[in-house]
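Chains as they are written, first to last, in the numbering used here: chain A, 1 to 113; chain B, 1001 to 1113. Built from N, CA and C at the ideal position, the CB exists for glycine as well. What you are looking at is a predicted structure, and each value in this text was computed from that prediction instead of being measured. To keep things clear, I will list the structure first and then write my remarks on it.
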Amino acid sequence: GDSVTQMEGPVTLSEEAFLTINCTYTATGYPSLFWYVQYPGEGLQLLLKATKADDKGSNKGFEATYRKETTSFHLEKGSVQVSDSAVYFCALSDNTGGFKTIFGAGTRLFVKA
Amino acid sequence: EPEVTQTPSHQVTQMGQEVILRCVPISNHLYFYWYRQILGQKVEFLVSFYNNEISEKSEIFDDQFSVERPDGSNFTLKIRSTKLEDSAMYFCASTDSFNEKLFFGSGTQLSVL
């Protein structure tokens, strides 16, 4: 079945450091790919998305490119801020056989001032 | 921005009791979902619902679980006989189109004693 694998955390960085969180997926169809972010005590909210191969999603300085050949959707940001501290979830949406969006295990990011 | 509303925010129940978790999705959305998250970890898919029927469900969603859209606005998750391992944060989500972003509620923290 479909699955999403992302790097384990926590990831601890200093402010202004470069961030990469790896995500790979397995899917039977042609999924859409997403990154969601969860701040403490809140629900998940969309950070960015890409719907087809080679699409790049971007938002608030974060970027991810849909790579079909490597089945990856790695999240990057050039310069993190303390306010970026949160849990980041990679997800895929697939309608093969039914509608569902499944999530990776989440990667907790701590950014130190 | 429109919101998904979940009630109650916290629910404490005794093992073996029935609980109903309530959600009001965004009004023009057509696809509805329940997820759960244990101890801030992986977000697990439970069920998706479209056109008044279940679209897809996970192995977690056994005979003890049911969903209902009793009127045009509410979407409920019922657990018939709760177990200790059902303790989790339950999130409702909705979207207007599959493969598009999900809008999440703030969650109901269920504690089974």
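In this structure, A86(A) and F73(A) do not form a Cβ contact; the two beta carbons are roughly 18 Å apart against a cut-off of 8 Å. Runs of the beta strand (DSSP E) lying entirely within the region 52-112 of chain A and spanning at least 3 residues, in chain order: 56-59, 62-65, 75-77, 86-94, 100-103 and 107-112. With respect to the 9 Å criterion, F99(A) and E1053(B) are not classified as neighbours on the basis of their beta carbons.
Listed along chain A are Y36, Q38, L44, F89, A91, I102, F103, G104, A105 and G106, each with a C-beta nearer than 9 Å to that of V1043(B).
Exposed is the label assigned to T1007(B), since fewer than 16 other Cβ atoms lie within 10 Å of its Cβ. The region 5-13 of chain A and the region 104-112 of chain A touch, with three or more beta-carbon pairs separated by less than 8 Å. Note: I1054(B) is bridge-paired with F1049(B) in the DSSP secondary-structure output. The Cβ neighbour count for S93(A), taken over all protein chains shown within 10 Å, is at least 16; the residue is labelled buried.
For the pair F1098(B) and Y1031(B), the Cα-to-Cα distance works out to about 7 Å. Under DSSP, F18(A) forms no beta bridge with any residue. When only Cα atoms are considered, T20(A) and L1046(B) end up about 29 Å apart.
P31(A) belongs to the set of residues whose beta carbon lies under 9 Å from a beta carbon in chain B. From the listed residues S1027(B), Q1011(B), Q1014(B) and V1019(B), the smallest Cα separation to T1005(B) is found for S1027(B). Shown here, L1039(B) sits in coil according to DSSP, grouped into three states, outside any helix or strand.
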